[in-house]
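Written out below as structure tokens is the structure these notes cover.
Residue numbers (full-length UniProt numbering): 1 to 552.
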């Protein structure tokens, strides 16, 4: 027999069976895409459930060290959640690629074991959050099953699960390869053909493309359901009740008319969002209720319609995040509409032993503040901001607004429960993570214009302007210092309400060169903000906002 002539068994063996690494990577990625898309779809249909990626991401948020979390907010700002989700997705993609490569080289069972491990992680991550209970792992479970089925399909279509066995057979059964086909039992030929069948790359790639395309379509449908689903449609149909005593518009003089300074009311579209939710919870109004529970004599449960029937008030309130750096923008002012929290709790009958009010979100987040803060201030169960129902990202259908304290202890969004308890018995989400139990908003001021590092015209009149705040206490004075000179008192916007910030400005004619500008505020009780620099943790940043400008 010439060297160019193949035996029948060699013809059965076909081309070399070891597939390149990228074949396995594609198999793993396509399978993972299918599983994740199904998980997203289930979470999109069942509004109380979280997708696998979000479940894992939320666990990361819950357990990441405080310094790392602070760094993320400082570095990425309000994009920190998108960055985290991207990192989780990247890690899942790397894991999926490795699982696919393992399955192709070692066999399908190894790939299924890897998928099972990832599925278990997703299921465990989903437990104990929100109100979905034992159904919480469903998206991860079904997604894992679909991913396993997709991997099996891809390996079957590409004849990939036999590659490893064929390589072993080729190295250990040399005598059998030398036998002519006539010497083999007739019934052995089909099995040998299956065992030695070469990978079909074209068929595999076509199937992988189909699986991936299906995942993209399903994932797109899931995103549409999340963004444009029933909850969003319900919000658009809401007719807000009128306040019992509607507030007049603020005096025109609260605005000083300086270009570049923050407006008195922060547009809803520009209002800061800081919370622990990686994706915005969607609430079904037909099943949503607000419970007042715990140490009360008469527990109360309200549907959304019943909440809207309660007497409503309007309140102009500035709220701030404890993560706001000196000079930062994690702060805003809005006109809120809602029912008074003290009236609601008076109906429930608060126990004399309760000293903490805990707001609980539909996603399980909690924040607690002292009952002593119900001292007549306009603490609200808010249903609207700036004349519209609460946007989903700002807490629809209801949230707590408590003037004078940072949001991490008070401003629970997507509110589902208000529990009366004690600080000894319960700690809100952020407290065991190293943040202060008390969170009064500190007196602060900010320079909005000119911007740090900007260039101005020497000898011309340059307005220095910004805002200052000390909610509940109010602002009585703002001072500006240029180049370590004397403090100069700025002009304030008209005094309106102590719960809101005040605009300020100072006209300045700079000489040529580099200049440093600092600002400080004095609250309504006569206390001037400290110059001592302190980080945001554990109870809010302090220090004077200082910028550098160049006059030419």
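All C-beta atoms in this analysis are idealised placements derived from N, C-alpha and C, irrespective of residue type, glycine included.
Practice task
Using alpha carbons as the reference points, say which of 238, 63, 409 lies closest to residue 309.
Solution key: The candidate whose alpha carbon is nearest that of residue 309 is 238.
Exercise for the section: Can you give me the Cβ contacts of residue 253 inside the same chain, cut-off strictly under 7 Å, excluding the 5 residues immediately before and after it? Expected result: 493, 494
Handout entry: Straight-line Cα distance separating residue 40 from residue 108
Key = 25 Å
Practice task
Report buried or exposed for residue 140, applying the criterion of at least 16 other Cβ atoms within 10 angstroms of its Cβ.
Solution key: buried
Problem - Distance between beta carbons of residue 271 and residue 250, contact taken as under 8 Å - result: Not a contact, Cβ separation roughly 17 Å.
Practice task
Would you mind reading off the limits of the beta strand (DSSP E) that contains residue 304?
Solution key: For residue 304, no beta strand (DSSP E) run applies; the uninterrupted alpha helix (DSSP H) run containing it begins and ends at 304 to 308, by DSSP.
Practice task
Taking residue 542 and residue 393 to be in contact with their CB atoms under 8 Å, please state how far apart those CB atoms are, rounded to whole angstroms.
Solution key: Contact doesn't hold; Cβ gap of about 29 Å is too wide.
Handout entry: Buried versus exposed call for residue 311 [16 or more other C-beta atoms within 10 Å across all chains shown]
Key = exposed
Problem - Helix, strand or coil at residue 399 according to DSSP, with G and I counted as helix - result: strand
Practice task
Helix, strand or coil for residue 445, going by three-state DSSP, please let me know.
Solution key: strand
Problem - Exposure label - residue 348; buried when at least 16 CB within 10 Å - result: buried
Handout entry: Contact the stretch 78 to 86 vs the stretch 151 to 161: 3+ CB pairs below 8 Å
Key = no
Handout entry: Validate contact between the stretch 288 to 296 and the stretch 432 to 450 using beta carbons, cut 8 Å, 3 pairs
Key = no
Problem - Minimum length 4: unbroken alpha helix (DSSP H) runs contained in the UniProt domain "Oxidoreductase molybdopterin-binding" (278 to 430) - result: With a minimum length of 4 residues, the continuous alpha helix (DSSP H) runs that stay inside the UniProt domain "Oxidoreductase molybdopterin-binding" (278 to 430) are 304 to 308, 341 to 348.
Practice task
Buried or exposed for residue 242, please, with buried defined as at least 16 other CB atoms from any protein chain shown within 10 angstroms of its CB.
Solution key: exposed
Exercise for the section: Answer yes if the stretch 464 to 477 comes into contact with the stretch 497 to 506, meaning at least three C-beta pairs across the two stretches below 8 Å, and no otherwise. Expected result: yes
Exercise for the section: Output yes or no for whether 8 Å exceeds the beta carbon distance between residue 434 and residue 537. Expected result: yes
Practice task
Tell me whether residue 547 sits in a helix, a strand or coil according to DSSP, three-state version.
Solution key: Secondary structure at residue 547: strand, using DSSP grouped into helix, strand and coil.
Problem - Beta-ladder partner(s) of residue 505, from DSSP - result: 465, 491
Problem - Local conformation of residue 450 per DSSP, three classes - result: coil
Practice task
From the DSSP output, in three-state form, read off residue 32 for me.
Solution key: helix
Handout entry: residue 548 versus residue 329 - alpha carbon distance
Key = 18 Å
Practice task
Label residue 117 either buried or exposed according to how many other C-beta atoms from any shown protein chain fall within 10 Å of its C-beta, with 16 as the threshold for buried.
Solution key: By the 10 Å Cβ count, residue 117 comes out exposed.
Exercise for the section: Return the CA-CA distance between residue 318 and residue 262, expressed in angstroms with no decimal places. Expected result: Roughly 13 Å between the two C-alpha positions.
Exercise for the section: State the start and end residues of the unbroken beta strand (DSSP E) segment that holds residue 119. Expected result: Premise fails: residue 119 lies in the alpha helix (DSSP H), 108 to 126, not in any beta strand (DSSP E).
Practice task
Give the secondary structure of residue 105 by DSSP, where H, G and I count as helix, E and B as strand, and everything else as coil.
Solution key: helix
Practice task
Report the partner residues of residue 522 according to the DSSP bridge assignment.
Solution key: 477, 528
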